[in-house]
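The opening residue of the sequence shown carries number 21 in our numbering; numbering runs sequentially from there.
Cβ coordinates follow ideal geometry from the N, Cα and C atoms, glycine included.
Predicted, not measured: the structure shown is a model, and the values here were computed from it.
Down below is the structure, laid out as structure tokens.
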Amino acid sequence: MRVTFNSFPDTLLGRLQSLGSEQNKALTQLSTGQRIAAPSDDAPAMQRILNLRVEKKQNQQYHRNATDGLEVSKVTFSSLEQIKDLLVRSSELSANVSGATSEQEFKAKASEIDQLIQQGLNVANTKLRGSYLLAGEASGAPDAPFTATSANGKVTNIAYRYSVADQADDANPQMHIGEDTKISAFTNPRENREVADLLNKMIAMRDAMSDAPVGTATKASSVMALRDDLAAKEDQILSALSRQGTIQYRLETAMKDLEVRYEGTEKLISTDADIDFAEATVRLNRAQMAYQAAIQSGAMIQNNSLLDYLR
Numbered sequence: 021m022r023v024t025f026n027s028f029p030d031t032l033l034g035r036l037q038s039l040g041s042e043q044n045k046a047l048t049q050l051s052t053g054q055r056i057a058a059p060s061d062d063a064p065a066m067q068r069i070l071n072l073r074v075e076k077k078q079n080q081q082y083h084r085n086a087t088d089g090l091e092v093s094k095v096t097f098s099s100l101e102q103i104k105d106l107l108v109r110s111s112e113l114s115a116n117v118s119g120a121t122s123e124q125e126f127k128a129k130a131s132e133i134d135q136l137i138q139q140g141l142n143v144a145n146t147k148l149r150g151s152y153l154l155a156g157e158a159s160g161a162p163d164a165p166f167t168a169t170s171a172n173g174k175v176t177n178i179a180y181r182y183s184v185a186d187q188a189d190d191a192n193p194q195m196h197i198g199e200d201t202k203i204s205a206f207t208n209p210r211e212n213r214e215v216a217d218l219l220n221k222m223i224a225m226r227d228a229m230s231d232a233p234v235g236t237a238t239k240a241s242s243v244m245a246l247r248d249d250l251a252a253k254e255d256q257i258l259s260a261l262s263r264q265g266t267i268q269y270r271l272e273t274a275m276k277d278l279e280v281r282y283e284g285t286e287k288l289i290s291t292d293a294d295i296d297f298a299e300a301t302v303r304l305n306r307a308q309m310a311y312q313a314a315i316q317s318g319a320m321i322q323n324n325s326l327l328d329y330l331r
């Protein structure tokens, strides 16, 4: 086969360009640590990487949701615990009511319970990052969920703003913590209404200590009956606390699971995307040596011409 002498430079140039591209590719991989720069480098691996990255972003969002939910649940738990402590203190004040001997003693107890009521109202309207914790689906509403009616400088009634028609007992904002898993970290409307009932029982206790004269059977019997009601309300608060504890456990478990899945996804992405530095270094050295050899051999051949053989 006849090959023209002028075709050699074109062939050499094409070979040098190919070797130069191999060098650049190896250098890029070593500098970035990534094996794939374009889908054409490895289409199946690129598809796997894209799918894994989507999954990783979803898991990151689920983890953020669980983190926010855990914060809400912890602050809610703390608020309910404070309300329980106020209730327990009210029960303690009524424990020895039959032994009270003066109107002043009853007034002192009633005054302290009045302070506990004010504190309970403040706790019931606790906010976290602008959202009311004990408001059900209306956590982002501008108005406080618990409203107070006052007379003569004292709270006479506390009401939960939302009726059953507005909020069903178990209606609550949900957050996704998994593909098919949702959870609410807030108290439900039924528990919120129980908090209002509890505070109203404390109001009734305060009034019972203030109204009837000392020594009458009416005062003692009324206070003791209300004390039994407070004990029943304490059981309801303990139930709400228990539910919040269960929510926290679920959220913490979900967060740990998401962290494990995140690490696993990162490893799978790394397997497909990360470069083997030893292999890339060998390929770079091989391409550089081939490039140098091509230049040297090309130079030697180019030094010769047909005139060298016409003597």
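Assignment of F166 by DSSP, reduced to helix, strand and coil, places it in the strand class. Of all alpha-carbon atoms in R84, Q102, Y152 and V108, the one lying nearest the alpha-carbon of N192 is that of Y152. Membership of T96 in the alpha helix (DSSP H) is indicated by the continuous run A63 to A115. Taking 3 residues as the shortest admissible run, the region 139-225 contains the following complete beta strand (DSSP E) segments, listed from N- to C-terminal end: 166-171, 174-180, 195-198 and 201-203. Nearest to H196 by alpha-carbon distance, out of F97, L106 and M275, is M275. Judged by beta-carbon spacing, D105 lies beyond the 9 angstroms limit of R226, meaning their Cβ atoms are not closer than that value. I178 sits away from A185, with the two beta carbons spaced by 9 angstroms or more. Between the C-alpha atoms of G140 and K202 there is a straight-line separation of about 30 angstroms. Taking all protein chains shown into account, V243 has 16 or more neighbouring C-beta atoms within 10 Å of its C-beta and is therefore buried.
A residue is called buried once 16 or more other Cβ atoms fall within 10 Å of its Cβ, and M222 is buried on that count.
Assignment of I56 by DSSP, reduced to helix, strand and coil, places it in the coil class. The beta carbon of V95 sits closer than 8 angstroms to the beta carbons of T146, L148 and L153 from its chain, once the five residues preceding and following it are set aside; these are given in chain order.
Rounded to the nearest angstrom, the gap between the Cα atoms of A205 and K174 is 33 angstroms. Between A155 and L271 a beta carbon distance of about 20 angstroms is seen, past the 8 angstroms cut, so the two are scored as non-contacting. Around the beta-carbon of K127, fewer than 16 other beta-carbon atoms lie within 10 Å, marking it exposed.
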